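Participant: Protein chains in written order, with the working numbering: chain A, 912 to 1181; chain B, -18 to 349; chain C, 49 to 180; chain D, 8 to 665.
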């Protein structure tokens, strides 16, 4: 599989169709990969593709929007992210050549649990139980059934340990704002001081900002160094978008917040 | 004995220097053993008068230093916490003082007295981080009271590790050893159902003084310790040639190498925030209403664009490359020039948690 | 004495703020717990402002605008209605009690209704605070 | 630090009766940035305003907070006040201490606390108030009038009389509108055509009026002073320049099956036709749908007979784009379609006709030459029953409003009937007689007494079609008797409703319409001809049903408004609108997609030296300041001046901390 990929990449580079290929290379061990930028034909052998290719590489596209880029997509969501970026006028379609590897991967990765794959299996040490117990793989519907107090306690505990490293934001393909609102000083939406409430506010606002644009690619969830289950939030906004507006992100529909129907949501506000 | 007289110093400096001296003089270090059960009792005893921080499983795959209320909350299985122990002494948000405008003018209120605390289950790499921070916060006659107010009252009980991960590279540093004691007050070396206890400093000694849970170590214990050191050394990955790397970095500032190597980096603050040695900070005021507020010292990161951004909008490290280079250069070149030590303990967290898999070892080895 | 509850009312300039003015003209009494912030239109209502209100310690937030179809800017309240639906669900998902965040429509002629709305919101927030 | 002056108004005892004003003043003095705080009995009075002006000057204040009645009441007053003192008018905030405090809270202590808080709120906001500058835009000194009925004609003539260029767009081949279909006008019984035709001719001859008939407005862009309008000039297939209006083509045209719209469908017309003899312009059009040539490719009779060679089958629709400073909407009305009334035979009884159909019959230039003939057999009717309020004041039919003209036109038609046929009988079923115009009541009385028209108060429950007559069953509510009338013809006074395309036009222009579909004026009392879209005005029945005198009066009023707008050298625009910081804009187009006014443009901009990015830009004169874009901007690159996040955040903090 990696061989075919390398061949494709070699051709693209050799024929000058792209200036750089963004793909995956071996990470610090066999269970981890890392994004890699290949611009020399000699380096294409670094490219690999396997079930541990969890990064959403489309995050690099807006940064390098002036280059002709060949990009490897390992998940359906990565592909959708690219389309979303095109729709949002962040990248030019003609500058991107997509090397789709998503289908091969999905056949491989069914063996592994999604969470395991995302985190790498070297840490498999019986903590899956704890994972389950704490509601990390809870469906949104189940979580919604909890009482308001239970939900609040859950998230308070989760966001209490957030260190605001903003890895979730930086790895997110649609968090491409030139300057995030948290950096703003006039007014200051968020103080530098890190506490649970502010951490929560940041994530909540980020969720509202990626509403309808999030492809649920799990990049933020995987990036969090302290394991905050952001996936639960991204699943929630995807669910709401579908239920409220029949909207699925990445399908080229008009964004729910830039349009409306006169005779919808009649029961929402009275 | 001489050191008994010196035991009463009023300033931390003397105490610290004394402790170090004890080591440098090669005086025999007091060694004990403690059984797991006794360790439990010891910690539970210490909990009465101390705040105890220890690795605690807070969620799946996430172990963090947290205040514990009993020994049982301590998670002994994790090799390493997700974030370093740094924040126990150098908190991410460190309130320097509160201020209030009153009719008598501005009144400052310093924080309450810091409570005595213990960091239990610290790994040697984290403990070493504190020794690096000590030197930094007490440099050229400037002593950071806020830092030392906590540092002085914190006793670090480390537990050496037996099974390094593929991201560990502490062996690249000279003072390395599975039983490295730098920064610790007390070092525990697990030996099956008991621990070998090495007293490193006076603060550590105080804990063992009670005596009721400790037994003197035997020669057999010393032998086992050596075996452990050996076996861990074998498990470690290959060493970095740090001397060579430093030399390369000295001339690599303008190197085109940085143009390529920074590309995957997305400029989050993760690596610097999980690091046991990254100390950069920002000072900010947080107003509460019109007449009250607090001044905070919060971690900052050279990875962030805001770090060097000036009020007028000029930013000397505006691009990704410059910021990436800064982090590497600071840790392995500038800091060495200033302190003669690397600003790194080899804990490997930045490698393990980097969302884009940047491996600082690879970055260093390639630097020319 | 325990601090009384504290509610921010974001009222659109054209309908609800005028409606609240009419409440005054009709001398209808309502609780003082609400403090009103005038906004041009509910369409201006950035969810981040509502979150900031909670974050800074407000007990409740009320947003009120023109009835659908009556917006001074023709469409502003329709955009708000969508944002509100999403924000409300997300806040609830994070465990913010639904009584604390309310939205309604009050026209410039509904002075009486405005007083009723305020009373209801104050009661709701109070009942939430009691169980806190 | 800002230097804010706080001025608390007692409003007599309106505020001071509940709020301890002196406490509010004392507390205001302690707020950061407040240099001076004082109170006064009536701040809006001349001495009160002078107090503010003098204090600003003496204390060198740069911002002002007034604690008084609602800002909706006196914000502008005080803005002008501080402007007179040399301050930027937008550095003012009002704390609403009357409508929001003293009038709605009775408990003095808590009301005072709230007043203190509201003043603090205003002080916090005003600290972040930027001095805003009024924006000025150029004005295109031309007006567009949509609709060539009497409303549009009058508006166009009056605007032109003011010295401005006017383009009058009419959808039909001729101007004239509904009024040209009428025979006489009530209550004076002037001949409609006699008073209208000179005006139509005046339009055609006025050098300042450009007449575009058989044309429709397709698109409207821009804003007050600078509308850009696309007008579709439909293909007429007859050259406007060559045609001499001889009418031979119409005469010879073999296709004659089409019902004549002008004659309310009681007669037919040709495929090439002028709607009526006095048409302006008197140039026929070919109705493509009924023309044999366009259906079969054969015929071309008109082309052959035309002495001027004016027929041109190759003509195509032509879109012309023009700029206007103001737009007058005078699109008029349609008549209610009575086929929804089962009791009147679902529109299927031939001898049940509408008032307009009778109007066409009675007109001497009409298809029956001024004779009333039953559609079923062409006989002159003897007994005619008139039924009022068909599609008016009828909730069940979704028409709750009164059409205002039916009472009068029914009376007029009854009178005409009696005049033409002295032996005839006219019976009117009515709900109420609404004759509130000048000379109207007298007219109704005359119709009843002099012309012997029988008025029965009541509804008709059913019309039965008998062999050679109609049986009208109803009730006379005054006597309480059931009545049965053997009638030869029934005339329905159908009500007025908006044109069916009225909504489309409203959306093109972004103007509002009410639940009945009539366009909404800006204010029902004080701005009856303006709309919420600056520069768009209303005239005639598109706003609400009205008779000819009211229509003409409204048209002239509209023309006056247009004149006032166009006479300005440049246009002043409220500066509280959105603004983009291009440095922060990512170019995602959320604002561009959402803006209800199309006030956002995407433009390649050099945001830093050498860095060009496609970012949003606000068209200052189009933006109305709703703020939808601000709420949608993730990057926080766009803010609404006067309502900035910074100002609102200050307020939020003040409230939250209490």
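Glycine included, each C-beta is placed from N, C-alpha and C at the ideal position.
Only a predicted model underlies this, so the values are computations on that prediction, with no experimental measurement involved.
What does a CB cutoff of less than 7 Å around residue 534(D) pick up in its chain, not counting 5 residues either side in sequence?
Facilitator: 528
Participant: Between the Cα of residue 462(D) and the Cα atoms of 445(D), 447(D) and 438(D), which residue gives the shortest distance?
Facilitator: 438(D)
Participant: Give the range of the beta strand (DSSP E) segment to which residue 74(B) is assigned.
Facilitator: 74 to 83
Participant: Flag residue 191(B) as yes when its Cβ comes closer than 7 Å to any non-hydrogen atom of the ligand SAM, and as no otherwise.
Facilitator: Looking for the ligand SAM in the displayed structure turns up nothing, as the structure carries no ligands at all.
Participant: Measuring CB atoms only, is the stretch 980 to 988 of chain A touching the stretch 950 to 970 of chain A, in the sense that at least three cross pairs come out at less than 8 Å?
Facilitator: yes
Participant: Using a Cβ cut-off of 8 Å (strictly closer), state whether residue 664(D) contacts chain B.
Facilitator: yes
Participant: Mark residue 201(D) as exposed unless 16 or more other C-beta atoms lie within 10 angstroms of its C-beta, in which case mark it buried.
Facilitator: exposed
Participant: Would you list, in chain order, the members of the stretch 923 to 946 of chain A that have their beta-carbon closer than 8 Å to a beta-carbon of chain B?
Facilitator: 938, 939, 940, 943, 944, 945 and 946
Participant: Please determine if the stretch 183 to 190 of chain D and the stretch 142 to 153 of chain D are in contact, where contact requires at least 3 C-beta pairs separated by less than 8 Å.
Facilitator: Contact between the stretch 183 to 190 of chain D and the stretch 142 to 153 of chain D is absent, because fewer than three Cβ pairs lie under 8 Å.
Participant: Cutting at 7 Å between CB atoms, please list the residues of its own chain near residue 1171(A), excluding the five before and the five after it.
Facilitator: none
Participant: Along chain D, which residues have their Cβ under 7 Å away from the Cβ of residue 270(B)?
Facilitator: 664
Participant: With DSSP run on the structure shown, which of helix, strand or coil describes residue 196(D)?
Facilitator: coil
Participant: With DSSP collapsed to three states, give me the class of residue 67(C).
Facilitator: helix
Participant: Could you pull out every residue in the same chain whose Cβ sits closer than 6 Å to the Cβ of residue 356(D), ignoring the five residues on either side in sequence?
Facilitator: 472
Participant: Inspect the CB distances between the stretch 410 to 417 of chain D and the stretch 486 to 502 of chain D and report whether three or more fall short of 8 Å.
Facilitator: yes
Participant: Okay, do the stretch 84 to 104 of chain B and the stretch 117 to 137 of chain B touch, 3+ Cβ pairs below 8 Å being the bar?
Facilitator: yes
Participant: Enumerate in chain order the residues of its own chain whose CB-to-CB distance from residue 418(D) is below 6 Å, with the five nearest sequence positions on each side excluded.
Facilitator: 451 and 454
Participant: Does any residue of chain A have a CB that is nearer than 8 Å to the CB of residue 600(D)?
Facilitator: yes
Participant: Could you list which residues in chain B have their beta carbon closer than 8 Å to that of residue 38(D), in chain order?
Facilitator: 271
Participant: Around the Cβ of residue 999(A), are there at least 16 other Cβ atoms within 10 angstroms (buried) or fewer (exposed)?
Facilitator: The Cβ neighbour count for residue 999(A), taken over all protein chains shown within 10 Å, is at least 16; the residue is labelled buried.
Participant: Are the stretch 304 to 318 of chain D and the stretch 227 to 240 of chain D touching, with three or more C-beta to C-beta distances below 8 Å?
Facilitator: no
Participant: Any idea if residue 560(D) is buried or exposed, counting beta-carbon neighbours within 10 angstroms, 16 or more meaning buried?
Facilitator: exposed
Participant: Interface residues of chain E around residue 643(D) at Cβ under 7 Å?
Facilitator: Structure shown: chain E not included; protein chains present are A, B, C and D.
Participant: Within the 8 Å Cβ cut-off, does residue 964(A) reach chain D?
Facilitator: no
Participant: Assign residue 171(C) to buried or exposed, taking buried as 16 or more other Cβ atoms, counted over all protein chains shown, within 10 Å of its Cβ.
Facilitator: exposed
Participant: Got a sec, what are the start and stop residues for the alpha helix (DSSP H) residue 1154(A) sits in?
Facilitator: 1141 to 1156
Participant: Run through the DSSP bridge pairs and tell me what residue 1011(A) is partnered with.
Facilitator: Checking the DSSP bridge columns, you'll see residue 1011(A) partnered with 984(A).
Participant: Starting from the Cα of residue 360(D), find the closest Cα among 495(D), 31(D), 245(D) and 16(D) and give me that residue.
Facilitator: 495(D)
Participant: Against residue 100(C), what residues of chain D qualify as contacts under a CB-to-CB distance less than 7 Å, listed in chain order?
Facilitator: 656 and 659
Participant: Note the first and the last residue of the continuous alpha helix (DSSP H) segment covering residue 204(B).
Facilitator: For residue 204(B), the uninterrupted alpha helix (DSSP H) segment begins and ends at 200 to 216.
Participant: Could you tell me which whole alpha helix (DSSP H) segments of length 4 or greater appear in the stretch 49 to 119 of chain D?
Facilitator: 53 to 66 and 78 to 91
Participant: Excluding the 5 residues preceding and the 5 following residue 211(D) in the sequence, name in chain order all residues of the same chain whose CB lies nearer than 7 Å to its CB.
Facilitator: 218, 287 and 288
Participant: Could you say if the stretch 335 to 347 of chain B and the stretch 231 to 251 of chain B meet the contact criterion of at least three C-beta pairs nearer than 8 Å?
Facilitator: yes
Participant: Under a Cβ-count criterion, where at least 16 other Cβ atoms within 10 Å of its own Cβ denotes burial, should residue 266(D) be classed as buried or exposed?
Facilitator: exposed
Participant: Return the bridge partner residues of residue 90(B) from the DSSP annotation.
Facilitator: Answer is 79(B).
Participant: First and last residue of the beta strand (DSSP E) that includes residue 496(D)?
Facilitator: 496 to 501
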